[in-house]
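So for the first sequence, numbering that gives the first Met the number 0 puts the first residue at 0; every next one is plus one.
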Amino acid sequence: MIVRSRFAPSPTGSMHIGNLRTALYAWLYARKTKGVFILRIEDTDRERSTDQAIQVILDSMQLLNLTYDEGPFYQTKRMDRYREITDQLLKTGHAYRCYCSKERLEALRADQMKNKQKPRYDRCCRDLKEKKEGSFVARFRTPDEGSIKFDDGVRGLVEFQNSELDDLVLVRSDGVPTYNFAVVVDDVDMKVTHVIRGADHINNTPRQINIFNALGMRPPIYAHLPMILGNDGKRLSKRHGALGVLQYREEGILPAALLNYLMRLGWSHGDQEIFSMEEMIEFFDFNKLQKSPATFDPDKLSWLNQHYLKTLPTEVVAKELQWQMDQKQIDMSGGPLLAEVVRVQAERCKTLNEMAEKSRYFYEEVTQYDEQAASKHLTPDIKPVLQEIATQLAQLPAWEKEAIHQVIIAVSEAHQLKLGKVAQPIRVAVTGNTISPPIDETLALIGREKTLKRLQRAMIYK
RNA sequence: GCUCCCUUCGUCUAGUGGUCUAGGACGUCGCCCUCUCACGGCGGGAACAGGGGUUCGAGUCCCCUAGGGAGCGCCA
Numbered sequence: 000m001i002v003r004s005r006f007a008p009s010p011t012g013s014m015h016i017g018n019l020r021t022a023l024y025a026w027l028y029a030r031k032t033k034g035v036f037i038l039r040i041e042d043t044d045r046e047r048s049t050d051q052a053i054q055v056i057l058d059s060m061q062l063l064n065l066t067y068d069e070g071p072f073y074q075t076k077r078m079d080r081y082r083e084i085t086d087q088l089l090k091t092g093h094a095y096r097c098y099c100s101k102e103r104l105e106a107l108r109a110d111q112m113k114n115k116q117k118p119r120y121d122r123c124c125r126d127l128k129e130k131k132e133g134s135f136v137a138r139f140r141t142p143d144e145g146s147i148k149f150d151d152g153v154r155g156l157v158e159f160q161n162s163e164l165d166d167l168v169l170v171r172s173d174g175v176p177t178y179n180f181a182v183v184v185d186d187v188d189m190k191v192t193h194v195i196r197g198a199d200h201i202n203n204t205p206r207q208i209n210i211f212n213a214l215g216m217r218p219p220i221y222a223h224l225p226m227i228l229g230n231d232g233k234r235l236s237k238r239h240g241a242l243g244v245l246q247y248r249e250e251g252i253l254p255a256a257l258l259n260y261l262m263r264l265g266w267s268h269g270d271q272e273i274f275s276m277e278e279m280i281e282f283f284d285f286n287k288l289q290k291s292p293a294t295f296d297p298d299k300l301s302w303l304n305q306h307y308l309k310t311l312p313t314e315v316v317a318k319e320l321q322w323q324m325d326q327k328q329i330d331m332s333g334g335p336l337l338a339e340v341v342r343v344q345a346e347r348c349k350t351l352n353e354m355a356e357k358s359r360y361f362y363e364e365v366t367q368y369d370e371q372a373a374s375k376h377l378t379p380d381i382k383p384v385l386q387e388i389a390t391q392l393a394q395l396p397a398w399e400k401e402a403i404h405q406v407i408i409a410v411s412e413a414h415q416l417k418l419g420k421v422a423q424p425i426r427v428a429v430t431g432n433t434i435s436p437p438i439d440e441t442l443a444l445i446g447r448e449k450t451l452k453r454l455q456r457a458m459i460y461k
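So this is what it looks like as structure tokens:
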């Protein structure tokens with residue numbers, strides 16, 4: 000059997016990391032089994048679905064390189080098919096017309112809640128003999144007895160009593176199918192073999208299996224992934240800092256880090272923390288997933304991100320950094336190679352956004368000093384030292400790190416100053432602040448012309 | 001309220017009846033390295049939710065309690 004898994008988001012909210020992890024696992028499983036990965040947009044909620052949200056989903060998938068083999072399919076383009084199946088179910092008696100008004104249903108629900116009962120449809124229209132006038136919905140005739148069992152990839156054997164289930168609406172009064180119905184029809188038509196989705200769908204599963212049964216089709220294999228919680232223990236939402244995938248790019252989180260973090264959240268492979276894409280595909284398995292929900296930890300994501308900033312080839316990171324520089328409209332002409340900047344900055348940055356901000360002085364003029372730094376380090380008595388360094392640097396035959404280092408050492412010794420006493424003033428002069436990579440490295444990257452200019456400027460400070 | 005599910009350091013987890021005086025990672029604290037910031041190195045503190053069983057033996061099996069999660073829509 001060829002595995003066919005799908006990711007089926009609804010374009011109603013942002014593509015947050017919960018969705019992303021679902022997509023990742025469904026994708027990994029397809030890749031691991033050399034199966035087919037399908038993207039399907041569940042846009043039957045006409046009120047809330049937006050084209051913009053669809054675009055975000057598409058962009059997110061592309062950004063993380065979660066390639067799909069089929070799709071994207073849109074449910075709104077399959078209305079004829081849903082109608083066809085609806086007629087079939089109506090004809091076979093597995094579904095029936097319900098004429099109850101929304102008002103009646105609301106009152107019914109309110110009443111049940113008040114009496115501390117489980118809110119559900121009272122099956123008022125279930126046995127109506129003839130068709131009535133007016134608008135109606137199609138409801139599913141849920142079996143009265145028995146239970147639905149399925150072997151969940153994550154949770155093992157799961158069982159629901161049919162008596163707990165409602166006669167759910169299959170088709171709205173405007174003819175648009177509801178989620179539970181459309182999913183089944185789509186999964187049948189798209190020959191989906193593995194349904195991998197969030198645990199919030201586990202209660203829907205028996206309803207859907209009943210529909211499969213009514214259609215005479217075999218249900219797929221299910222795997223319900225545990226939820227991701229915010230740090231307040233509540234289900235993750237925008238409110239809890241659950242940023243969209245695209246926002247992580249803006250923050251400067253590498254796709255590799257995001258994927259690695261999500262992979263490891265609620266899943267493990269012994270004590271291993273770092274996984275390449277190949278390893279993720281090789282090691283992934285549902286039975287290693289945790290059953291309980293996991294809390295999202297931004298700190299660990301940051302750590303992973305820095306790990307990748309440090310270990311990925313500098314050119315690869317540089318490409319991402321370029322994007323940040325473009326966003327910030329930093330003019331890079333005449334500055335060092337970005338890969339060089341990455342080489343010296345990776346170990347001092349958690350994100351690419353931070354790296355871009357901390358690297359401005361390689362490209363932009365230093366127009367003002369951090370006040371505290373300047374008053375502490377750009378003192379009158381250091382100016383002769385700076386002058387001497389400037390003079391010697393100007394005469395250097397080649398502008399390279401080692402030679403620069405020697406100049407600074409020599410001048411420091413000549414003035415009987417510790418290296419730190421000299422390095423900090425230089426650092427303030429060329430970066431405007433007290434923080435930068437090693438001073439020789441920093442000057443080497445900034446370049447001779449800019450370095451000398453900045454040293455001169457520092458000497459006329461105050 | 002009802003149904004279902006879950007419960008190891010602050011967080012992510014290892015652990016499938018003896019090898020657990022419970023291991024790793026992030027974070028945190030201390031020390032070292034050091035021209036700043038970092039990186040790195042070394043070390044510390046930190047958990048089997050509680051109570052009953054079963055067993056020679058329980059983090060591991062069973063039950064109860066507590067806590068948490070999901071669902072109960074003409075949302076997905």
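We put the beta carbon where it would ideally sit given N, CA and C, even for glycine.
For I195, the nearest candidate out of A29, V365, L444, K417 (CA to CA): Considering only alpha carbons, the answer is A29.
Reduced DSSP category for R137 - H, G, I as helix; E, B as strand; rest coil: Arg is not the amino acid found at residue 137; the sequence shown has Ala there. Of the three classes helix, strand and coil, the one that applies to A137 here is strand, per DSSP.
Enclosing beta strand (DSSP E) for S411 [first to last residue]: It is not in any beta strand (DSSP E) - S411 instead sits in the alpha helix (DSSP H) that spans 400-413.
CA-to-CA distance, V384 to L245, given in whole angstroms: Approximately 49 Å between the Cα atoms of the pair.
Say whether the segment 2-13 touches the segment 149-156, bearing in mind that this needs 3 or more beta-carbon pairs closer than 8 Å, one atom from each stretch. Because the criterion of three Cβ pairs below 8 Å is not met, the segment 2-13 and the segment 149-156 do not touch.
Using the Cα positions of R77 and P176, report the straight-line distance between them to the nearest angstrom. Going from the Cα of R77 to the Cα of P176 covers about 10 Å.
Can you tell me whether DSSP reads F295 as helix, strand or coil? Collapsing the DSSP output to three states places F295 in coil.
Delimiting residues of the beta strand (DSSP E) encompassing H193: It spans 193-197 - the beta strand (DSSP E) in which H193 sits, taken as one unbroken run.
For D173, the first and last residue of its enclosing beta strand (DSSP E): Where D173 is concerned, there is no enclosing beta strand (DSSP E), given that its DSSP letter is neither H nor E.
Say whether the segment 131-141 touches the segment 36-52, bearing in mind that this needs 3 or more beta-carbon pairs closer than 8 Å, one atom from each stretch. By the criterion of at least three beta-carbon pairs nearer than 8 Å, the segment 131-141 is not in contact with the segment 36-52.
Can you tell me which of the three DSSP states F283 falls into? If DSSP states are grouped into helix, strand and coil, F283 belongs with coil.
Cβ atoms of P424 and I459: under 9 Å apart, would you say? Taking 9 Å as the cut-off, the beta carbon of I459 is found no closer than this to the beta carbon of P424.
Exposed or buried, G273, counting other C-beta atoms within 10 Å across all chains shown (16 or more means buried)? A small correction: the amino acid at residue 273 is Ile; Gly does not occupy that position in the sequence shown. Flag for I273 reads exposed.
Exposed or buried, which one is I16 when buried takes at least 16 other CB atoms within 10 Å? With 16 or more other CB atoms across the displayed protein chains lying within 10 angstroms of its CB, I16 is buried.
To which residues does DSSP link A94 through a beta bridge? Answer is F139.
Short Cβ contact (9 Å threshold) for R347 with I434: I434 sits close to R347, with the two beta carbons spaced by under 9 Å.
Just the Cα atoms here: how many angstroms apart are K375 and I408? Roughly 21 Å between the two C-alpha positions.
What does the alpha-carbon distance come out to for the pair V191 and A345? C-alpha of V191 to C-alpha of A345: approximately 43 Å in a straight line.
Is there contact here, the segment 210-225 with the segment 59-69, by at least three beta-carbon pairs under 8 Å? For the pair of segments examined, the segment 210-225 was found not to touch the segment 59-69: the number of CB pairs separated by less than 8 Å stays below three.
Which ranges does the beta strand (DSSP E) cover as unbroken runs of at least 3 residues, wholly within the segment 197-262, from first to last along the chain? Correct list: 220-224.
Own chain, CB closer than 6 Å to P297, minus 5 neighbours either side, in chain order: Excluding positions up to five away in sequence, the list is empty.
P312 burial status per 10 Å Cβ neighbour count (16 or more: buried): Exposed is the call here.
Kindly list the residues whose CB is nearer than 7 Å to the CB of R248, restricted to its own chain and excluding five residues on each side of it in sequence; keep chain order. Excluding positions up to five away in sequence, the list reads L62.
Does the segment 347-363 come close enough to the segment 305-319 that 3 or more CB-CB pairs lie under 8 Å? Here the segment 305-319 makes contact with the segment 347-363; the two share three or more CB pairs at distances below 8 Å.
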